[in-house]
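Engineer: Quick note on the numbering used here: the sequence shown kicks off at 1 and runs consecutively. In this text, a Cβ means the ideal position worked out from N, Cα and C, and glycines have one as well. Model, not experiment: these values are computed from the prediction.
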Amino acid sequence: IYLRENGSAETENKRIEWLAAVNKIKEEIPKPT
1 IYLRENGSAE
11 TENKRIEWLA
21 AVNKIKEEIP
31 KPT
């Protein structure tokens, strides 16, 4: 994904970091069976 605006690119990076953190938390939480 190519974003022309620096602000948009920074927001995209933070969104990716947030998603990675959420995925990490989901892995640490035991899934109910």
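By the three-class DSSP mapping on this structure, what secondary structure does T11 have?
Structural biologist: helix
Engineer: Rounded to whole angstroms, what's the CA-CA distance from K31 to A21? Just pull it up for me.
Structural biologist: 17 Å
Engineer: Quick check: what's the CA-CA separation for E12 versus N23?
Structural biologist: 16 Å
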